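First the structure, in the form of structure tokens, and then the observations on it.
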Amino acid sequence: MTRDDGARWDRSGPVRLVDSDLGGPVVELQARGGRAVVALQGAQVLSYVPTGGRDVLWLSPVARLGTGKAVRGGIPVCWPWFGPHPSDRAMPAHGLVRAVPWRVIDRAASETDVRVRLGWPTIEGSTGQSGSHLRLHLDVKLGDALTLELVTTNDGPAPVAITQALHTYVAVGDIGSTEIGDLDACDYIDQLDAGAMKRQCGPVRFDGEIDRIYLGSPPVITIRDGSSPRRIVVAATGSASTVVWNPWIEKAARLGDVGADGYRRFVCVETANAGTDVRTLAPGATHALSATLRCDIR
Ligand code: TA6
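Here's what the structure looks like:
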């Protein structure tokens, strides 16, 4: 297997490019702290299994690469807009890069961790914002935790505003006994109530569809899975908003790729620049959005 730059990939090393059984090429990362799988399509992390534990990420039971559609699950990259396009409803939800093949730019391995850098193949014009020239790469680093850093650089002559998210599908034993305590007293935009601004009171618990953009959210959020001792910690940088979503029964049925009771097996906790947390990059400026996932009590 050769990389885009022609260098030969070894098939046994800690960073391997292989053809997955999902129908497309993936990068497999192996380190002392666990293993992860990143699809070239969308630079989408599909799996993260800490050593001695189980997958931190939920993946659709009907996930397929190469269909032209984004895969549901793992950590989709929503960029350069989150949700519907701000002005053009003909544009796809969650931006333009989830279903396109990214290029492997670099990889590295040390005693403690491994890393792969994937870049977006085209720069100018494809961001849905006329005349913009944005450069994008994603670093995926696996050590004792999994860190994703999504870096945008404005190579154009004018300021460009973006919204974005690392749309993490956190695997849980049962959504009904899952709670998130760190968002208490945070304001949120309720996407299910015409964008009404509301305030969180107490832990976030789930007994129906939830689709909220929390503003001013804390940098570290813990998901407590009541059905097991497991705690998943999501730590953010470059973000001042967190999206929490679960489709519940009816929306999951409409989506068609969640599976029979799949809605009970995940909660999306998305490290974002969304809602009013818009990031404007001046010419030559760079913005990095990062999420680190760690599993406490495996
Ligand atoms: O992150 C929440 C959300 O914006 C929901 O409104 C729902 O649409 C979800 O993303 C999944 O979007 P997708 O385009 O992947 O089906």
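Its first residue numbered 367, the sequence shown is counted upward by one per residue in this note's numbering. Backbone N, C-alpha and C fix where the C-beta goes; we use that ideal spot for every residue, glycine too. As the structure is a computational prediction, the values presented were derived from the model and not from experiment.
Residue i to residue j, Cα distance in whole Å?
i    : j    : result
L431 : A648 : 35 Å
Y629 : A429 : 15 Å
A666 : L388 : With the chain represented from 367 up to 664, any question about residue 666 goes unanswered, as that position is not in the structure.
P523 : A602 : 29 Å
L581 : V404 : 29 Å
L484 : F632 : 26 Å
G372 : L383 : A caution first: G372 carries a pLDDT of 44, below 50, which makes its placement in the model unreliable, though a value can still be read off. For G372 and L383, the distance between alpha carbons rounds to 13 Å.
S413 : T544 : 20 Å
G622 : G539 : 21 Å
S605 : T637 : 7 Å
D591 : A402 : 21 Å
G650 : R620 : 42 Å
M457 : V463 : 12 Å
Y554 : Q566 : 7 Å
A618 : P452 : 25 Å
G419 : E394 : 17 Å
T534 : A459 : 16 Å
P525 : T417 : 43 Å
L512 : H499 : 29 Å
P391 : A537 : 23 Å
D454 : E477 : 47 Å
D385 : G408 : 15 Å
G574 : V624 : 15 Å
Q396 : P427 : 23 Å
E616 : D556 : 18 Å
Taking Cβ positions, are residue i and residue j nearer each other than 8 Å?
i    : j    : result
V599 : V586 : yes
A673 : G379 : Residue coverage of the chain in this structure runs from 367 to 664, which leaves residue 673 outside it and unanswerable.
C661 : V422 : yes
L655 : N639 : yes
I589 : N612 : no
A562 : F448 : no
A425 : G439 : The amino acid at residue 425 is misidentified as Ala; the sequence shows Leu. Contact: yes.
L406 : W468 : yes
R501 : D521 : yes
I663 : P569 : no
S583 : L549 : yes
Could you check which residue in the options has the C-alpha nearest to that of residue i?
i    : options                   : result
G547 : R597, Q410 and R473       : R597
T652 : H503, R620 and C567       : H503
V415 : G408, R398, A405 and A409 : R398
W614 : L395, A560, A626 and T534 : A626
C444 : G461, P450 and S453       : G461
K564 : R571, H499, G574 and C552 : C552
V470 : A459, S386, V482 and D521 : V482
I528 : S386, P446 and Q396       : P446
I579 : A560, L395, S593 and P595 : A560
V506 : D472, R420 and R620       : D472
I541 : A618, R455 and R571       : R571
T519 : S386, R645, P391 and A657 : R645
A657 : V624, D556 and V517       : V517
G641 : D454, P450 and D385       : P450
Pull up the CB-CB distance for residue i and residue j, whole angstroms please, since I reckon it's below 8 Å.
i    : j    : result
Q410 : V381 : Their Cβ separation, rounded to whole angstroms, is 17 Å, which puts Q410 and V381 out of contact at 8 Å.
I441 : L514 : 6 Å
D643 : S607 : 4 Å
For chain C, is any of its Cβ atoms less than 8 Å away from the one on residue i?
i    : result
D662 : This model lacks chain C altogether; it includes just one protein chain.
Would you check whether ligand 2 has a heavy atom nearer than 7 Å to the C-beta of residue i?
i    : result
G641 : With respect to ligand 2, the structure shown offers nothing to examine, as its ligands consist of ligand 1.
- Query: Unbroken beta strand (DSSP E) runs of length 3 or more, entirely within the region 486 to 561: which are they?
  - Reply: Here the runs fully enclosed are 500 to 508, 512 to 520, 526 to 528, 530 to 532, 535 to 537, 544 to 546 and 553 to 556.
- Taking the runs of the beta strand (DSSP E) that are 3 residues or longer, which of them lie wholly in the region 405 to 457? 410 to 416
Can you list, in chain order, the stretches of the alpha helix (DSSP H) that have 4 or more residues and sit fully within the region 572 to 623? As far as the region 572 to 623 is concerned, its whole alpha helix (DSSP H) runs of at least 4 residues are 614 to 621.
- Mind pulling the alpha helix (DSSP H) runs of 4 or more residues that sit fully within the region 376 to 403? none
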